[in-house]
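Trainee:
In the numbering used here, the protein residues as written are 9 to 534.
In structure tokens, the structure reads:
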């Protein structure tokens, strides 16, 4: 074996690091110092004088004795008269206090050093700014360089140029004039901008291009397919242009922050944000069982809650109908009995389902036959019932999240504000996460969809009760990324008949495929 092999094996085996040894020694030294100072200070506080023979050199032996018998302070210092020492309570109190102060100081020093190192590293990586030219250096001319430009060959002269004057050009058509104006504007932007005076060709700096302005929404266009940036600009402009109450659905919290101040001047601003995406403590609480004392409301609420996870295949229609029946009956029973959405979730999974059956059978305001429908759905087809319960479980799975469960907790003040924001010209922002495949993990999408559907239905009822049959002022619906946030079942009907009811709707989607995947059985005006 070669010597270098032995050296490499010896170095690979290693040993105790130097830093660890230094740390252990520092720890032992610090503990010794604290025991010695705590003993002396405790005696000084108790008797007014430092005890005799309590020295730093004798402290390690005292520590060994205290480890064995923590209450025997005189035994730890046998050479010191017991009358000069304090009790063990005062000693250990001072020792623990010193230890806590030391820990706090250590954490503070480590944090300060870490911040100083981070700032130093950040300054090291930052580029050094160029120094401004001084008056002395400004007087010296800088070398100028000619900017290369593409060479253009002169057009050949026409053959009849010498024969006579050139006839005037024919007038251009309006479309050709527009193209010519755009071409001249592009050439003007491409020309160099001279700076200062000098000999030769002066260098120039390119003029920065202006920020892209939002494309104007064509009149009558209610569905726009665009990328995220253009959708945001269009939605911001639509919200600012809305003169009456507004319902906004979006996955971009910037839409709320960019328009909430302007909307607050027109009326109250409400925010339903179960995932806490927006930076505000004021959020709306809404219970999915609200208004389900009416069987028709319970039917629409069940359809909206199941819309994000609803299978699209025709063969699964029976399972979907069973799930809607179970969820509708549970919502109806919970609203009649004053229960929450958590009871609905528990009942729909088969736990204490007899409570819902008993409520539907005995409550005087229960819809006729609802108890029999619930029992029939539970007992007719066990396999279909199990699949329907799984479908409901996926739709309500977000109740396991604290923020979503809190957002679904009923609140009387929020319920009154939600019912009156249309009459007061207010704005309701519904903000949620963008989910492209909600059938596996819908998150809070079912609750967002149910709230938007409830507001739309409330506006439709108000329009039907009005004398002209439409809302005045109209309720503007700005649905940004609605397919990935709240796939509203009423969207096709809103796009077709919303303006006639005083509910003009602007839906912003990502692509045609996204629209077809959310509303496969409806024709959207793409």
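Quick reminder that beta carbons are idealized off the backbone N, C-alpha and C, glycines included. From a predicted model like this one, the values you see are computed outputs, not experimental measurements.
(1) Does residue 445 come out as helix, strand or coil in the three-state DSSP assignment?
(2) Note down, one range per segment and in chain order, each beta strand (DSSP E) of at least 3 residues found wholly within the segment 231–279.
(3) Apart from the five residues just before and just after residue 467, which ones in its own chain have a Cβ nearer than 7 Å to its Cβ?
(4) I need the straight-line Cα distance from residue 525 to residue 427, nearest angstrom please.
(5) With three or more beta-carbon pairs closer than 8 Å as the criterion, would you say the segment 410–421 touches the segment 286–295?
(6) Quick check on this structure: which residue in 363, 240, 231 and 424 has the alpha carbon closest to the alpha carbon of residue 500?
(7) Can you list, in chain order, the stretches of the alpha helix (DSSP H) that have 4 or more residues and sit fully within the segment 424–499?
(8) In its own chain, which residues sit with a C-beta less than 7 Å from the C-beta of residue 227, not counting the 5 before and 5 after it?
(9) Apart from the five residues on each side of it in sequence, which residues of its chain come closer than 6 Å, Cβ to Cβ, to residue 366?
(10) How is the beta strand (DSSP E) around residue 285 delimited, first residue to last?
(11) When DSSP labels each residue in this structure, what does residue 98 get in the three-state scheme?
(12) Have a look at residue 339 and residue 377 and give me their C-alpha separation to the nearest angstrom.
(13) Which value, in whole angstroms, describes the spacing of the CA atoms of residue 288 and residue 39?
(14) Less than 9 Å separating the beta-carbons of residue 368 and residue 382?
(15) Tell me which residues share the same chain as residue 157 and place their Cβ nearer than 7 Å to its Cβ, disregarding the 5 neighbours each side in the sequence.
(16) Report the partner residues of residue 513 according to the DSSP bridge assignment.
(17) Closer than 8 Å is the cut-off here; do at least three beta carbon pairs connect the segment 442–453 with the segment 295–310?
(18) For residue 88, I'd like the list of residues in its chain whose CB is within less than 7 Å of its CB, leaving aside the five on either flank, ordered along the chain.
(19) Indicate whether residue 442 and residue 492 have their beta-carbon atoms separated by less than 9 Å.
(20) By a C-beta neighbour count over all protein chains shown, 10 Å radius and 16 as the cutoff for buried, is residue 435 buried or exposed?
(21) If you draw a straight line from the C-alpha of residue 37 to the C-alpha of residue 127, how long is it?
(22) Reducing DSSP to helix, strand and coil, say where residue 298 ends up.
Mentor: A quick look at the data gives this:
(1) Residue 445 sits at position 437 when you count from the first residue of the chain shown. If DSSP states are grouped into helix, strand and coil, residue 445 belongs with coil.
(2) 231–233 and 254–258
(3) Start at 1 with the first residue of the chain shown, and residue 467 comes out as number 459. Excluding sequence neighbours, residue 467 sits near 430, 479, 483 and 511.
(4) Position 517 of the chain shown, counted from the start, is the residue given in the question as residue 525. Position 419 of the chain shown, counted from the start, is the residue given in the question as residue 427. Straight-line Cα distance between these residues: approximately 32 Å.
(5) yes
(6) The residue labelled residue 500 in the question sits at position 492 within the chain shown. It is 231.
(7) 453–473 and 490–493
(8) Position 219 of the chain shown, counted from the first residue, corresponds to residue 227. In this prediction, residue 227 scores a pLDDT of 45, lower than 50, which makes its location untrustworthy; the coordinate-derived value is nonetheless stated afterwards. Result list for residue 227: empty, nothing under 7 Å.
(9) Stepping through the chain shown from its first residue, residue 366 is reached at position 358. Closer than 6 Å at Cβ, skipping near neighbours: no residue.
(10) As a first step, residue 285 must be located in the chain shown, where it is residue number 277. Note, residue 285: premise wrong, no beta strand (DSSP E); not H, not E.
(11) The residue labelled residue 98 in the question sits at position 90 within the chain shown. It is helical.
(12) For the purposes of this step, residue 339 is taken as residue 331 along the chain shown, with counting starting at 1. For the purposes of this step, residue 377 is taken as residue 369 along the chain shown, with counting starting at 1. Distance between the alpha carbons of residue 339 and residue 377 is about 15 Å.
(13) Start at 1 with the first residue of the chain shown, and residue 288 comes out as number 280. Start at 1 with the first residue of the chain shown, and residue 39 comes out as number 31. Cα to Cα, the separation comes out at about 48 Å.
(14) Locating residue 368 in the chain shown gives position 360, where the first residue counts as 1. Locating residue 382 in the chain shown gives position 374, where the first residue counts as 1. Their beta carbons are under 9 Å apart, which means residue 368 touches residue 382 by this criterion.
(15) Working through the chain shown from its first residue, we reach residue 157 at position 149. Its pLDDT being 46, under 50, residue 157 is placed unreliably by the model, and nothing is read from it.
(16) Stepping through the chain shown from its first residue, residue 513 is reached at position 505. BP columns for residue 513 point to 485.
(17) no
(18) Your numbering for residue 88 matches position 80 in the chain shown. So the qualifying residues of the chain are 59, 60, 61 and 62.
(19) As a first step, residue 442 is located in the chain shown; it is residue number 434 there, counting from the start. As a first step, residue 492 is located in the chain shown; it is residue number 484 there, counting from the start. Yes.
(20) Walking along the chain shown from the start, residue 435 turns up at place 427. Result: buried.
(21) If you number the chain shown from 1, residue 37 lands on position 29. If you number the chain shown from 1, residue 127 lands on position 119. Approximately 33 Å, taken between the alpha carbons.
(22) Translated into the one-based positions of the chain shown, residue 298 becomes position 290. DSSP places residue 298 in coil when its eight states are reduced to three.
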